[in-house]
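Notes to accompany the following structure.
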């Protein structure tokens, strides 16, 4: 076995992870996230993955630490953190338990949308900022080619939504979901309950990675989203441009898994690449972000592969962290993948 490799069979509370190397970060939420990742999330990450559901204690720990509030403005009770600090928090938590982080991160959608909303949907903002109301999102389908799979039609009370939202993460763990439905050249954003009804049905998906994220396909049949629950109606083109500008945040998921792999490996040639990957993401222009994201996901995959190789045959045991991190790295190749990111990923492998 590689003499530099740190066996996953250690006391993780005594292990210095890549995320916790800096103890002097001025943002208290960043330090808290690093502590929770090392002391709460990572020690049970394999059990969480195998259990099929997220432990209630994980999400409660994030709420108790005020981390649901990092996506909200101070005016509604949130933290109003900088993008840089939010990215570091996402990275730290992803290195602890990607599944937990993936559910928690969905909260950003409804928390931000309602905090910035001028309409009556703003009433959700305070509860979301505290984590007392937990939210999910359904908008990945907007990136699909072809006819819209989720459509909205105006009615006297608001909008009637029909079609399918292919991926809603945290079903059963969230109270509300921010959905996006197409209407002509626009996108209608609205809040719906996180429960089934006569006009909203759920079918759970079985995933090869982050399966405990409780990801579901939701089918809508003339589901009414009242005007009071609409957060905005924007043109598709303006939404797409804002989405491209926000691609940096999900790069933190890959950095988090990479950092955990490297902390288990010990010093390696990938350490400098890790720092470079973060710098590329932090300094990339909108047009450069897809390549920076592809670079981060590639490094994540290579780091996980190296950890598997260093671990030997034991890595394929379902109880081993190496196989878990490898499957998570695979997942992050396609999570929030755009056509531009895919192009750069395929170019790197050809």
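In the numbering used here, the protein residues as written are 61 to 410. Positions of the beta carbon are idealized from the N, C-alpha and C atoms, including for glycine.
| Going by the beta-carbon positions, is the gap between residue 212 and residue 220 smaller than 8 angstroms? | yes
| query | Do the stretch 359-369 and the stretch 275-285 make contact, defined as three or more Cβ pairs closer than 8 angstroms? | reply | Counting Cβ pairs under 8 angstroms, fewer than three are found: no touch.
| request: For residue 357, name the three-state secondary structure that DSSP assigns. | output: helix
| Ordered along the chain, which non-local residues of its own chain (more than five positions away) have a Cβ less than 6 angstroms from that of residue 386? | Take residue 386, set aside five residues on each side of it, and the residues of its chain with a beta-carbon closer than 6 angstroms to its own are 364, 368, in chain order.
| Where residue 266 falls: helix, strand or coil (DSSP) | coil
| task | Write down the C-beta distance between residue 209 and residue 379 rounded to the nearest angstrom, noting that I regard them as a contact closer than 8 angstroms. | result | With 8 angstroms as the limit, residue 209 and residue 379 do not qualify as a contact, their Cβ atoms being about 38 angstroms apart.
| task | Would you list the one or two residues that DSSP bridges to residue 376? | result | Looking at the DSSP assignment, residue 376 forms no beta bridge with any residue, so it has no partner.
| message | What residue range does the alpha helix (DSSP H) around residue 149 cover? | response | 143-154
| Going by beta carbon distance, what residues of the same chain come within less than 7 angstroms of residue 276, once the five residues before and after it are set aside? | Excluding residues up to 5 positions away in sequence, 228, 231, 262, 263, 264, 265 lie with their Cβ nearer than 7 angstroms to the Cβ of residue 276 in the same chain.
| query | The alpha helix (DSSP H) with residue 177 in it runs from where to where? | reply | Element bounds for residue 177: n/a, residue is neither H nor E.
| task | For the beta strand (DSSP E) containing residue 282, list its first residue and its last residue. | result | 276-286
| Using the rule of at least 16 other Cβ atoms within 10 Å of the residue's Cβ for burial, across every protein chain shown, is residue 273 buried or exposed? | buried
| task | Evaluate residue 119 with the Cβ neighbour count: other Cβ atoms within 10 Å of its Cβ, from every protein chain shown; 16 or more gives buried, anything less gives exposed. | result | buried
| According to the neighbour-count rule (16 or more other Cβ atoms, all chains shown, within 10 Å of its Cβ), is residue 151 buried or exposed? | buried
| request: Name the residue from 240, 306, 342, 322 whose alpha carbon lies nearest to the alpha carbon of residue 295. | output: 240
| Do residue 130 and residue 146 come within 8 angstroms of each other at the CB atom, strictly closer than that value? | Yes, Cβ-Cβ distance for residue 146 and residue 130 is below 8 angstroms.
| task | Excluding the 5 residues preceding and the 5 following residue 185 in the sequence, name in chain order all residues of the same chain whose CB lies nearer than 7 angstroms to its CB. | result | 132, 136, 174, 175
| Residues bridged to residue 215 by DSSP? | 218
| message | Short of 8 angstroms in beta carbon distance, which residues of its chain neighbour residue 218, apart from the five on each side in sequence? Order them along the chain. | response | So the list reads 250, 284, 285, 286, 287, 288, 289, 290, once near-sequence residues are dropped.
| Secondary structure at residue 234, three-state DSSP: helix, strand or coil? | coil
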